[in-house]
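Undergrad: Pasting in a structure now, in structure tokens, and then I'll have a few things to ask.
2 protein chains.
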Amino acid sequence: MPVPRAGLDAATVVAAGAELADEIGFAELTMARLAERVGVKAPSLYKHVAGQDDLNRRIAALALAEVADTLGTAIQGRSGRDALGAAARALRRYVLDHPGRYAATAGLTATGPEDPIAIAAAQGIAPFAAVLRGYDITPDQMPHALRSLRSVFHGFATLQATDSFQWSADVDDSFDWLIDLVDRGLRATPAP
Amino acid sequence: MPVPRAGLDAATVVAAGAELADEIGFAELTMARLAERVGVKAPSLYKHVAGQDDLNRRIAALALAEVADTLGTAIQGRSGRDALGAAARALRRYVLDHPGRYAATAGLTATGPEDPIAIAAAQGIAPFAAVLRGYDITPDQMPHALRSLRSVFHGFATLQATDSFQWSADVDDSFDWLIDLVDRGLRATPAP
DNA sequence: GCTAAAAGCTAACATCATTAGCTTGAGTGT
DNA sequence: ACACTCAAGCTAATGATGTTAGCTTTTAGC
Numbered sequence: 003m004p005v006p007r008a009g010l011d012a013a014t015v016v017a018a019g020a021e022l023a024d025e026i027g028f029a030e031l032t033m034a035r036l037a038e039r040v041g042v043k044a045p046s047l048y049k050h051v052a053g054q055d056d057l058n059r060r061i062a063a064l065a066l067a068e069v070a071d072t073l074g075t076a077i078q079g080r081s082g083r084d085a086l087g088a089a090a091r092a093l094r095r096y097v098l099d100h101p102g103r104y105a106a107t108a109g110l111t112a113t114g115p116e117d118p119i120a121i122a123a124a125q126g127i128a129p130f131a132a133v134l135r136g137y138d139i140t141p142d143q144m145p146h147a148l149r150s151l152r153s154v155f156h157g158f159a160t161l162q163a164t165d166s167f168q169w170s171a172d173v174d175d176s177f178d179w180l181i182d183l184v185d186r187g188l189r190a191t192p193a194p
Numbered sequence: 003m004p005v006p007r008a009g010l011d012a013a014t015v016v017a018a019g020a021e022l023a024d025e026i027g028f029a030e031l032t033m034a035r036l037a038e039r040v041g042v043k044a045p046s047l048y049k050h051v052a053g054q055d056d057l058n059r060r061i062a063a064l065a066l067a068e069v070a071d072t073l074g075t076a077i078q079g080r081s082g083r084d085a086l087g088a089a090a091r092a093l094r095r096y097v098l099d100h101p102g103r104y105a106a107t108a109g110l111t112a113t114g115p116e117d118p119i120a121i122a123a124a125q126g127i128a129p130f131a132a133v134l135r136g137y138d139i140t141p142d143q144m145p146h147a148l149r150s151l152r153s154v155f156h157g158f159a160t161l162q163a164t165d166s167f168q169w170s171a172d173v174d175d176s177f178d179w180l181i182d183l184v185d186r187g188l189r190a191t192p193a194p
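Same order as they appear, the protein sequences are chains V and R.
Residue numbering for the first sequence follows the numbering used here, starting at 3 and increasing by one per position.
Residue numbering for the second sequence follows the numbering used here, starting at 3 and increasing by one per position.
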């Protein structure tokens, strides 16, 4: 398998795209700019990536995988409210550190269960499941609890990422408050 | 003030853009397509709207105002868990009915307090504040509670809008579960 | 060394947003 | 009634974009 004049690779291109998106914003990420960044002309990118849409989806999948990894290590050795707080803080930190990649995950529709995005998203659930194991959740309530956790965290992270909080109150305090809210709600879960 | 060969207006253009975005998706909304929709050539749109970015922001502001209105009427005559559920359900319905407009509100950064987006967003808070009045929230906790509510609802609505829930469990049930979770958390709010 | 295939290139095209400048038509003041 | 104004809409042009087609080059394996 010949590998000419390279240093370039699908993974490398996607990684560079994610990095560039973090720097200049996801909306400003363009094939031409990415090509220049990796030292290549725009059409050459198509040897590694099917197009802009494919690139975006791969960046999103990368971000989701990284989030899953980050959250997984964040909750290791913790449980209950402690794990909840650690996971939440890790996600927030990730979004602040990688706003471009994370923005790529917004507004995506998985084409099917085989879509890398769907797979990455499914893996991203695992840490949340681990957190919930510290609470009294019956198995039949697990899917609802997972979706709820995901909604809460995703909602706060995106609002924060887009700078949608306009008042002066400290965002960290609000985040702690939100975590406490969820923790209270989870601990008060009734067994129906 | 002469008003020639018309039927066109800034508000009309924005409304048509929002409608078109709902039909074909926000990402597919283009100046050319919108021009064709309103029966005009693309450059003519610039007589009513400063450009694509301006158009997007105006659509977002429209959506935020509509959301505020919808939520406001949804909670009238209700309070507590009842108001919470009604507001949540109204938002969800809105996002499902108007996915394009709502997508326009994601990933926007208000340029300042005078930005129509900031104003519309501020008005959108009011219904949430009304809901929270039915719970025991101290004034200094209000901002945190508002942000939390916004995060929760926005998170679930966007995940749902982008079809990010892949498992088979009924989404409506999950939504009810989430509302209960928040309700329990709010009722258990401690007085610090 | 020779060959095959992948990587990268140039050229070209369609589409898009946007600007500049012209044309036209409706309302206003006399 | 009539001319004047000025904004709505147009055509033409520009630069940037994503993308495709086809050519050239480089490297790995025989």
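Think of the CB as a built atom: it goes at the ideal place given N, C-alpha and C, for glycine as much as any other residue.
Note that this is a predicted model, so its numbers are computed, not measured.
1) So V/Ala-89 contacts chain R; which residues on that side make the cut at Cβ distance below 7 Å?
2) Throw me the rounded Cβ distance for the V/Val-16 and R/Gly-157 pair, which I believe falls under 8 Å.
3) Closer than 7 Å, Cβ to any Cβ of chain R: which residues of the segment 175-186 of chain V, in chain order?
4) Look at the alpha carbon of R/Gly-87 and the alpha carbon of R/Asp-174, and state the distance between them as a whole number of angstroms.
5) Pull up the distance between the alpha-carbon of V/Leu-66 and that of R/Ile-77, whole angstroms please.
6) If you follow the alpha helix (DSSP H) that R/Thr-160 is part of, which residue opens it and which one closes it?
7) Give the straight-line distance between the Cα atoms of R/Arg-83 and R/Leu-188, rounded to the nearest whole angstrom.
8) Which of helix, strand or coil does DSSP assign to V/Glu-116?
9) With DSSP collapsed to three states, give me the class of V/Leu-57.
10) Using only the alpha-carbon positions, how far apart do V/Gly-9 and V/Ser-46 sit?
11) Could you confirm whether any beta carbon from chain V is found closer than 9 Å to the beta carbon of R/Val-154?
12) Using the three-state DSSP reduction, which class does V/Gln-125 fall into: helix, strand or coil?
13) State buried or exposed for V/Thr-75, treating a residue as buried only when at least 16 other CB atoms are found within 10 Å of its CB.
14) According to DSSP, is R/Ala-37 part of a helix, a strand, or is it coil?
15) Tell me whether R/Thr-107 is buried or exposed, calling it buried when 16 or more other Cβ atoms sit within 10 Å of its Cβ.
16) Output, in chain order, the set of chain V residues within a Cβ distance shorter than 7 Å of R/Ser-81.
17) Quick check: is the beta carbon of V/Thr-111 nearer than 9 Å to any beta carbon in chain R?
18) For R/Ala-105 and V/Ala-70, I'd like the C-alpha separation in whole angstroms.
19) Take the Cβ of V/Leu-57 as the centre, count every other Cβ of all protein chains shown within 10 Å, and call the residue buried at 16 or more, exposed below.
20) Quick one: which chain R residues come within Cβ less than 9 Å of V/Phe-130?
21) Please report whether the beta-carbon of V/Val-15 lies at a distance below 9 Å from any beta-carbon of chain R.
22) Along chain V, which residues have their Cβ under 7 Å away from the Cβ of R/Gly-136?
23) Shorter than 9 Å from the beta carbon of R/Val-173 to some beta carbon of chain V?
24) Does chain R have any CB closer than 9 Å to the CB of V/His-100?
25) What do you get for V/Tyr-48, buried or exposed, if any count of 16 or more other CB atoms within 10 angstroms of its CB means buried?
26) What does a CB cutoff of less than 6 Å around R/Trp-179 pick up in its chain, not counting 5 residues either side in sequence?
27) In the structure shown, what three-state DSSP assignment does V/Lys-43 receive?
28) Return yes when the Cβ of R/Arg-59 is within less than 9 Å of the Cβ of R/Leu-110, no when it is not.
29) Pick helix, strand or coil for R/Arg-80, following the three-state DSSP scheme.
30) What does the Cβ neighbour count give for R/Thr-160, buried or exposed, with the cut at 16 atoms within 10 Å?
31) From what residue to what residue does the alpha helix (DSSP H) around R/Ala-106 run?
32) Determine the chain R residues that contact V/Gln-143 at a beta-carbon separation under 9 Å, and present them in chain order.
33) Taking R/Ala-108 as the query, report the chain V residues whose CB atoms sit under 8 Å from its CB, ordered along the chain.
34) Going by C-alpha distance, which of V/Ala-122, V/Thr-14, V/Glu-116 and V/Ala-147 is nearest V/Ala-131?
35) Taking 6 Å as the limit between beta carbons, can you name the residues of its chain near R/His-100, skipping five residues before and five after?
TA: If we stick to the structure as given:
1) For the purposes of this step, residue 89 of chain V is taken as the residue at position 87 of the first sequence. Going along chain R, no residue has its Cβ under 7 Å from V/Ala-89, so there is no contact; the nearest lies around 15 Å.
2) Locating residue 16 of chain V in the first sequence gives position 14, where the first residue counts as 1. Locating residue 157 of chain R in the second sequence gives position 155, where the first residue counts as 1. Here V/Val-16 is actually not in contact with R/Gly-157; their C-beta atoms are around 26 Å apart, not less than 8 Å.
3) Result list: Asp-175, Ser-176, Trp-179, Leu-180, Leu-183, Val-184 and Arg-186.
4) Sequence index remark: in the second sequence, residue 87 of chain R carries index 85 (1-based). Sequence index remark: in the second sequence, residue 174 of chain R carries index 172 (1-based). Taking the CA atoms as reference points, R/Gly-87 sits about 12 Å from R/Asp-174.
5) Taking the first residue of the first sequence as 1, we reach residue 66 of chain V at position 64. Taking the first residue of the second sequence as 1, we reach residue 77 of chain R at position 75. For V/Leu-66 and R/Ile-77, the distance between alpha carbons rounds to 36 Å.
6) In the second sequence, counting from the first residue as 1, residue 160 of chain R sits at position 158. Per DSSP, R/Thr-160 belongs to the alpha helix (DSSP H) from 144-163.
7) Residue 83 of chain R sits at position 81 when you count from the first residue of the second sequence. Residue 188 of chain R sits at position 186 when you count from the first residue of the second sequence. Taking C-alpha positions only, R/Arg-83 is separated from R/Leu-188 by approximately 9 Å.
8) Taking the first residue of the first sequence as position 1, residue 116 of chain V is located at position 114. V/Glu-116 falls in the coil class under three-state DSSP.
9) Locating residue 57 of chain V in the first sequence gives position 55, where the first residue counts as 1. Reduced to three states, the DSSP call for V/Leu-57 is helix.
10) Counting from 1 along the first sequence, the entry for residue 9 of chain V is found at position 7. Counting from 1 along the first sequence, the entry for residue 46 of chain V is found at position 44. C-alpha separation (whole angstroms): 13 Å.
11) Taking the first residue of the second sequence as 1, we reach residue 154 of chain R at position 152. Closer than 9 Å to some Cβ of chain V, the Cβ of R/Val-154 qualifies, so yes.
12) Indexing the first sequence from 1 puts residue 125 of chain V at position 123. V/Gln-125 sits in a helix when the DSSP states are folded into three classes.
13) Numbered from 1 along the first sequence, position 73 holds the residue referred to as residue 75 of chain V. With fewer than 16 Cβ atoms within 10 Å of its Cβ, V/Thr-75 is classed as exposed.
14) The residue labelled residue 37 of chain R in the question sits at position 35 within the second sequence. Annotated three-state conformation of R/Ala-37 is helix, per DSSP.
15) Indexing the second sequence from 1 puts residue 107 of chain R at position 105. By the Cβ neighbour-count rule, R/Thr-107 is buried, with 16 or more other Cβ atoms within 10 Å of its own.
16) Taking the second sequence and counting its residues from 1, one reaches residue 81 of chain R at position 79. At a C-beta separation below 7 Å, R/Ser-81 has no neighbours in chain V, since its nearest C-beta there lies roughly 19 Å away.
17) Along the first sequence, read from residue 1 onward, the residue named residue 111 of chain V stands at position 109. For V/Thr-111, the nearest CB of chain R lies under 9 Å from its own CB, placing it at the interface with that chain.
18) Walking along the second sequence from the start, residue 105 of chain R turns up at place 103. Walking along the first sequence from the start, residue 70 of chain V turns up at place 68. Whole-angstrom Cα-Cα distance: 25 Å.
19) Residue mapping note: residue 57 of chain V aligns to position 55 of the first sequence, counting from 1. So V/Leu-57 counts as buried.
20) In the first sequence, residue 130 of chain V corresponds to position 128, counting from 1. Those do not exist, as V/Phe-130 stays about 13 Å from chain R at its closest Cβ, beyond 9 Å.
21) As a first step, residue 15 of chain V is located in the first sequence; it is residue number 13 there, counting from the start. No, because no Cβ of chain R sits closer than 9 Å to the Cβ of V/Val-15.
22) Residue mapping note: residue 136 of chain R aligns to position 134 of the second sequence, counting from 1. Those do not exist, as R/Gly-136 stays about 15 Å from chain V at its closest Cβ, beyond 7 Å.
23) Counting from 1 along the second sequence, the entry for residue 173 of chain R is found at position 171. Against chain V, the CB of R/Val-173 has a partner CB under 9 Å away; the residue lies at that interface.
24) Numbered from 1 along the first sequence, position 98 holds the residue referred to as residue 100 of chain V. No, V/His-100 does not count as interfacial toward chain R.
25) For the purposes of this step, residue 48 of chain V is taken as the residue at position 46 of the first sequence. The residue in question, V/Tyr-48, is exposed, as its Cβ has fewer than 16 Cβ neighbours within 10 Å.
26) Numbered from 1 along the second sequence, position 177 holds the residue referred to as residue 179 of chain R. For R/Trp-179, where only same-chain residues beyond five positions count, there are no Cβ hits under 6 Å.
27) Translated into positions along the first sequence, residue 43 of chain V becomes position 41. Note: V/Lys-43 maps to coil in three-state DSSP.
28) Locating residue 110 of chain R in the second sequence gives position 108, where the first residue counts as 1. Locating residue 59 of chain R in the second sequence gives position 57, where the first residue counts as 1. Taking the C-beta atoms as reference points, R/Arg-59 is found nearer than 9 Å to R/Leu-110.
29) As a working mapping, residue 80 of chain R is identified with position 78 in the second sequence. Coil at R/Arg-80, not helix or strand.
30) In the second sequence, counting from the first residue as 1, residue 160 of chain R sits at position 158. By the neighbour-count rule (16 or more Cβ atoms within 10 Å), R/Thr-160 is buried.
31) Translated into the one-based positions of the second sequence, residue 106 of chain R becomes position 104. Segment 101-106, the alpha helix (DSSP H) holding R/Ala-106.
32) If you number the first sequence from 1, residue 143 of chain V lands on position 141. Here the neighbours are Trp-179.
33) For the purposes of this step, residue 108 of chain R is identified with residue 106 of the second sequence, where counting begins at 1. Neighbours of R/Ala-108 on chain V, chain order: Ala-108, Gly-109, Thr-160 and Thr-164.
34) What you label residue 131 of chain V is simply residue 129 of the first sequence in a count that begins at 1. Distances from the alpha-carbon of V/Ala-131 to those of V/Ala-122, V/Thr-14, V/Glu-116 and V/Ala-147 put V/Ala-147 closest.
35) By one-based count along the second sequence, residue 100 of chain R stands at place 98. Counting only Cβ-Cβ distances below 6 Å, and skipping sequence neighbours, we find Asp-24.
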